[in-house]
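Protein chains in written order, with my numbering: chain A, 1 to 180; chain B, 181 to 669.
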């Protein structure tokens, strides 16, 4: 029987793009912590399966509570970035969706920009203007919620129920570059 | 006759600033109400937790100055345990804090406040941001800003034990000793920061003060309020961000009171208004007279400008020279023009950099004596520091095990709720007359708001010129006559 090698579909692309997954949000602010929870689960699944990733191109998973310039600085050196964040949009709580950073129309990603700083879009342009290596592709995976302003370490039920779906979407993005 | 209309406090954050303006019969502004969203339930969240968690937990209240909350929490936890940390521990906390301050003030000036000035008042909205600044001042500026931030983050991580959210403080001191190698690096970064601060002040003088339109705006009346001013000062009444006593001066610049952290409730009271969840702190011993200026009104401000006004000077030489030039240019102390906050911030930037080097070159900074074990029963304590945005107060009460039973915080921006209200009100009044709304209203209001660099921005996502803002103007019957929006769907 021929040996079966599990290969990532990306392995046919050379060189391997380096990927960073960032869980954004505040873990003590209720549903605002969903980004961290999704990212932590993604990391657990990646560590578990170790599927098809050659040593030269690990996927890095970080959790942070940053926006604007600070967030941009976390992305330095990577080719692709996937950012998971809570969104305040007019959708039922727990709706998961994906959007490219350039398409972000309505400022509802709570951490991709900051009133003290600058938007992530602008920060990326600044970084690139300075000659810093930043991802060509930045995708946001959003989970909608309304409970973002009360301190709590728990997610509300609808948002908690959306975590597995968000995790799967992130993994799909990592392995196939698509949400499916 | 103006009808009574009730405004419900915003219950669902809509993600943008919201102002309701009521006109009188003549079409002039009768009243305005600026709603700022607030994070809720923090006290409830903390009760039942051990107090030593607070320097880690309060990091997360606000993503903007976790370092400030860490320091205030650390000092409050020390006070709860009635323990005085060793000198080296206090110096290391302060050194971390100076690096943070330098970074924060730099970012604010170049990315946020500065663009309002550097680009000129007539610059298109799309250019009034840090990218515009880079194109105007030169590409190398962007590189320097990034470098300053990198140095600041490095120092915070070296001393604080973690990026951005320090975790080193415990009751009685800190948990990480500084090595000589780290010390050398920190000193070198600090010396670079001093040069960068001097460069920034010069850029401000060359670009902003040399522009008559901006100078007029800074010294003009529309952004001027004569209020009390608050800031922390050391034993010589010089500005200090980490420790000292709280000093308040009156609108004429005379000292009104000076108190230790533990006595803050003898001086500050909070006013409740029905149209917002926020409370408005004011000086108890003057009294609440409404949202007005003057010596009889208990409204006070806490910002970089306030700190300079409340002090007798800066504790480092180059910053002291910058302080003197600041007051000489603006006509003496105290300065009441709110836009001067941006300049005051640069004086503080220079002090932070100089003090950074002072601390990094102190012979005891690498001492291993960084913790004193508490021996007394914990009870209650208050820690006050200056956050970049204003005086920050943490007040904890615990049981005999050190488990929290009560928490009260007054964050930097909270001190300024009443002044912010007054500034936006004044901007509105100057631009709405006889029912005619000047198109510049949104921009003027945003500039008023932005000078305070508030913590809980109405939107957590706004560039200068791109702050989501909705202004609703109503006639005396409460009917909407106009709605101005920017960047709101």
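Glycine included, every Cβ here is placed at the ideal spot set by N, Cα and C. Computed from a predicted structure; not experimentally measured.
Test: residue i CB closer than 8 angstroms to a CB of chain A
i, result
"residue 601/B", "no"
"residue 332/B", "no"
"residue 222/B", "yes"
"residue 225/B", "yes"
"residue 329/B", "yes"
"residue 650/B", "no"
"residue 482/B", "no"
"residue 319/B", "yes"
"residue 663/B", "no"
"residue 240/B", "yes"
"residue 314/B", "yes"
"residue 291/B", "yes"
"residue 572/B", "no"
Whether residue i touches residue j by CB criterion (8 angstroms)
i, j, result
"residue 72/A", "residue 322/B", "no"
"residue 124/A", "residue 138/A", "yes"
"residue 550/B", "residue 341/B", "no"
"residue 585/B", "residue 263/B", "no"
"residue 404/B", "residue 518/B", "yes"
"residue 158/A", "residue 94/A", "yes"
"residue 421/B", "residue 281/B", "yes"
"residue 96/A", "residue 160/A", "no"
"residue 232/B", "residue 277/B", "no"
"residue 457/B", "residue 564/B", "no"
"residue 155/A", "residue 33/A", "yes"
"residue 359/B", "residue 254/B", "no"
"residue 27/A", "residue 153/A", "yes"
"residue 407/B", "residue 473/B", "yes"
"residue 269/B", "residue 235/B", "no"
"residue 599/B", "residue 578/B", "no"
is_contact[residue i, chain B] using C-beta, thresh 8 angstroms
i, result
"residue 181/A", "Past the edges of chain A, shown from 1 to 180, lies residue 181/A, and the structure says nothing about it."
"residue 129/A", "yes"
"residue 70/A", "yes"
"residue 26/A", "yes"
"residue 73/A", "yes"
"residue 126/A", "yes"
"residue 134/A", "no"
"residue 152/A", "yes"
"residue 155/A", "no"
"residue 66/A", "yes"
Contact belief for residue i with residue j at Cβ below 8 angstroms, rounded distance in angstroms
i, j, result
"residue 374/B", "residue 537/B", "7 angstroms"
"residue 59/A", "residue 39/A", "About 11 angstroms separates the two Cβ atoms, so there is no contact after all."
"residue 346/B", "residue 336/B", "6 angstroms"
"residue 552/B", "residue 530/B", "About 33 angstroms separates the two Cβ atoms, so there is no contact after all."
"residue 151/A", "residue 214/B", "About 24 angstroms separates the two Cβ atoms, so there is no contact after all."
"residue 652/B", "residue 314/B", "About 36 angstroms; that fails the 8 angstroms criterion."
"residue 148/A", "residue 30/A", "6 angstroms"
"residue 23/A", "residue 84/A", "5 angstroms"
Whole-angstrom distance between residue j and residue i, CA atom to CA atom
i, j, result
"residue 327/B", "residue 344/B", "16 angstroms"
"residue 411/B", "residue 367/B", "27 angstroms"
"residue 402/B", "residue 101/A", "38 angstroms"
"residue 464/B", "residue 521/B", "25 angstroms"
"residue 239/B", "residue 500/B", "31 angstroms"
"residue 462/B", "residue 271/B", "32 angstroms"
"residue 572/B", "residue 621/B", "31 angstroms"
"residue 468/B", "residue 479/B", "7 angstroms"
"residue 204/B", "residue 409/B", "32 angstroms"
"residue 372/B", "residue 356/B", "25 angstroms"
"residue 534/B", "residue 339/B", "18 angstroms"
"residue 455/B", "residue 576/B", "28 angstroms"
"residue 555/B", "residue 583/B", "16 angstroms"
"residue 428/B", "residue 437/B", "5 angstroms"
"residue 325/B", "residue 66/A", "17 angstroms"
"residue 470/B", "residue 634/B", "21 angstroms"
"residue 293/B", "residue 363/B", "32 angstroms"
"residue 395/B", "residue 389/B", "6 angstroms"
"residue 279/B", "residue 626/B", "29 angstroms"
"residue 574/B", "residue 180/A", "48 angstroms"
"residue 298/B", "residue 81/A", "33 angstroms"
Check: residue i C-beta below 7 angstroms from any heavy atom of the ligand ADP
i, result
"residue 400/B", "You won't find the ligand ADP in this model; it holds no ligand whatsoever."
*Going along the chain, which unbroken runs of the beta strand (DSSP E) with 3 or more residues stay wholly within the segment 552-590 of chain B?*
560-567, 570-578, 584-590
*What are the complete beta strand (DSSP E) segments, minimum 3 residues, inside the segment 214-301 of chain B?*
none
*Write down every uninterrupted run of the beta strand (DSSP E) in the segment 47-101 of chain A whose length is 3 residues or greater and which is fully enclosed by it, in chain order.*
59-64, 80-87, 96-100
*Could you tell me which uninterrupted alpha helix (DSSP H) segments, each at least 4 residues in length, are contained entirely in the segment 460-512 of chain B, listed from first to last along the chain?*
484-490, 497-510
*What residue ranges within the segment 134-179 of chain A form continuous beta strand (DSSP E) runs of no fewer than 3 residues, ordered along the chain?*
137-144
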